[in-house]
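The sequence shown begins at 1 in the UniProt record's numbering and counts up one residue at a time. By construction, the Cβ of each residue, glycine as well, lies at the ideal position given by its N, Cα and C atoms. Bear in mind that the values here come from a model prediction, so they are computed numbers and not experimental data. Step one of this worksheet: look at the structure below.
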Amino acid sequence: MADANAFNHPLHLTPDLYLRHWDTETLVFNAASGDTHLLCGPAAQLLRAIETQSRSLPDDPDTLITKLRGLGLIEQAGS
Numbered sequence: 001m002a003d004a005n006a007f008n009h010p011l012h013l014t015p016d017l018y019l020r021h022w023d024t025e026t027l028v029f030n031a032a033s034g035d036t037h038l039l040c041g042p043a044a045q046l047l048r049a050i051e052t053q054s055r056s057l058p059d060d061p062d063t064l065i066t067k068l069r070g071l072g073l074i075e076q077a078g079s
């Protein structure tokens with residue numbers, strides 16, 4: 001499980017991601033792992049927001065952040 005203090009720092013997209021956006025979906029290819037992910041709803045919106053600017057998280061991060069980090073799609077900015 002991730003250290004709770006790690007959520008207090010801004011996040012950015014991990015390197016080597018290739019994104020393709022549609023209305024409500026985002027297709028993500030992670031060149032580092034070779035994995036492809038189709039995101040929709042809140043996950044796609046969050047990834048788009050982080051793509052445009054490093055973002056800080058609220059005091060109580062939700063499961064979505066943990067899942068995106070677990071997939072290797074976002075990481076702590078400055079890492």
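Apply the 10 Å Cβ neighbour rule to Leu-73 and answer buried if 16 or more other Cβ atoms are within range, or exposed otherwise. Buried, because 16 or more other Cβ atoms sit within 10 Å of the Cβ of Leu-73.
Take Pro-15 and list the residues in its own chain whose beta-carbon comes closer than 8 Å to its own, dropping the five residues that flank it on each side. Apart from the 5 residues on each side of it in sequence, Pro-15 sits with its Cβ closer than 8 Å to the Cβ of Ala-32 in its chain, given in chain order.
Alpha-carbon to alpha-carbon, Leu-64 and Gly-70: Rounded to the nearest angstrom, the two C-alpha atoms are 10 Å apart.
Please classify Leu-38 as buried or exposed, where buried requires at least 16 other C-beta atoms within 10 Å of its C-beta. So Leu-38 counts as exposed.
Please report the residue range of the alpha helix (DSSP H) in which Leu-47 lies. Note, Leu-47: alpha helix (DSSP H), 41 to 52.
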